[in-house]
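Below you'll find the structure, written out as structure tokens, and then a few comments.
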Amino acid sequence: METLETIKTRRSVNYFESGKQIPVDKIKEIIGLANLAPSSFNLQPWEVVLVTDPERKKALRKCAFNQPKVEEASAMLIVIANPGAVEENVDRVLADWVKKGYMKEADVEKQRGTPFGLYGERASETRKIFAVKNAAFFAMNFMIAAKGMGYETHPMDGFNAAEVKREFGIPDDRIIPLLIAVGHLRPDQKLLPRAFRRDVDDFLRMNGYAKG
6 METLETIKTR
16 RSVNYFESGK
26 QIPVDKIKEI
36 IGLANLAPSS
46 FNLQPWEVVL
56 VTDPERKKAL
66 RKCAFNQPKV
76 EEASAMLIVI
86 ANPGAVEENV
96 DRVLADWVKK
106 GYMKEADVEK
116 QRGTPFGLYG
126 ERASETRKIF
136 AVKNAAFFAM
146 NFMIAAKGMG
156 YETHPMDGFN
166 AAEVKREFGI
176 PDDRIIPLLI
186 AVGHLRPDQK
196 LLPRAFRRDV
206 DDFLRMNGYA
216 KG
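The sequence shown begins at 6 in the working numbering and counts up by one.
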């Protein structure tokens, strides 16, 4: 499917065909495509819990206000933002840049401090915003890639994050921006016309907000 057509036809689907599975290797392929999303300083501060087991989906449904699509979808992704990605990934990023000619070895130590200056201490609000923002890039890439491969998705923020963390052993310092359901549209469901979208001129500001 062409990229622009994929963007135009992607919808948030509420009704999935229960029992029709997407092979795990196919979902991992989509995750690999999502992993090509841009990220600040290439730090890639995202992690994913892929939930395919029926009992685990049932447990996740309880954490998500009993929404049926959690169990009906082929799989659920718990998208996780990791504020600690700066410390965990910066050396790998810099080594890769040197290897591929993006920078010189002599500049590594100077550049190593850059993300700490930009994104603050690990527990800071700035660092949390950095992690969530970049995890959102990954999530959108996943939904576009899934649609391009013929699958439907639904991003979900209706869940109790603390309960999800407890149930799935997610470390306390991680943030869960959203869940994503992925699967096939239920055959007896026809999508209604796309819901309201603001006109571009309703939110576009050319060269700044008007003064006064």
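We treat Cβ as the ideally placed atom computed from N, Cα and C, and that holds for glycine. Predicted model only: the values in this text are computed from it and were never measured.
Checklist entry - Ends of the beta strand (DSSP E) at T158? => result T158: member of the beta strand (DSSP E) spanning 157-161, first to last residue.
Checklist entry - According to the Cβ coordinates, are E92 and R179 closer than 9 Å? => result Taking 9 Å as the Cβ cut-off, E92 and R179 do not qualify as a contacting pair.
Item to check | Residues of its chain near R191, where Cβ-Cβ distance is below 8 Å and the 5 sequence neighbours each way are ignored | outcome: Correct list, in chain order: Y20, F21, E22, S23, E77.
Item to check | L196 (DSSP reduced to helix, strand or coil) | outcome: Here L196 sits in coil by DSSP.
Item to check | beta strand (DSSP E) segment containing I36, residue limits | outcome: Looking at the DSSP string, I36 is not in any beta strand (DSSP E); the run it does join, the alpha helix (DSSP H), is 29-39.
Item to check | Boundaries of the beta strand (DSSP E) in which L55 is found, first to last residue | outcome: Element bounds for L55: 51-56.
Checklist entry - Hey, how far is the Cα of V169 from the Cα of I12? => result Looking at the backbone, the Cα of V169 and that of I12 are separated by about 30 Å.
Checklist entry - DSSP state of S45, grouped into three classes? => result It is helical.
Checklist entry - Using the rule of at least 16 other Cβ atoms within 10 Å of the residue's Cβ for burial, across every protein chain shown, is V205 buried or exposed? => result Result: exposed.
Checklist entry - What first and last residue would you give for the beta strand (DSSP E) that runs through I185? => result Counting along the chain, the unbroken beta strand (DSSP E) around I185 starts and ends at 180-188.
Next on the checklist: Taking 6 Å as the limit between beta carbons, can you name the residues of its chain near F46, skipping five residues before and five after?
Outcome noted: The beta carbon of F46 is closer than 6 Å to those of P120 in its chain, skipping five residues each way along the sequence.
Checklist entry - Where do the N-terminal and C-terminal ends of the beta strand (DSSP E) with V18 fall, by residue? => result Note, V18: premise wrong, no beta strand (DSSP E); not H, not E.
Checklist entry - Where in the region 49-101 do unbroken runs of the alpha helix (DSSP H), each at least 4 residues long, occur, reported from the N-terminal end onward? => result Correct list: 59-68, 74-77.
Item to check | G37 to N146 span [Cα, whole Å] | outcome: One alpha carbon belongs to G37, the other to N146, and they sit about 10 Å apart.
Checklist entry - For P224 versus R132, is the C-beta distance shorter than 9 Å? => result Since the first residue shown for the chain is 6 and the last is 217, residue 224 is missing from the structure and cannot be characterised.
Next on the checklist: According to DSSP, simplified to helix, strand and coil, what is G146?
Outcome noted: A quick correction: the sequence has Asn, not Gly, at residue 146. Three-state result, N146: helix.
Item to check | Supposed close pair V75, R66 - CB separation, criterion 8 Å | outcome: With 8 Å as the limit, V75 and R66 qualify as a contact, their Cβ atoms being about 4 Å apart.
Checklist entry - Taking all protein chains shown into account, do 16 or more other C-beta atoms lie within 10 angstroms of the C-beta of L183, making it buried, or fewer, making it exposed? => result By the neighbour-count criterion, in which 16 or more other beta carbons inside 10 Å mark a residue as buried, L183 falls on the buried side.
Checklist entry - Which residues bound the alpha helix (DSSP H) around F173? => result Its alpha helix (DSSP H) spans residues 166-173.
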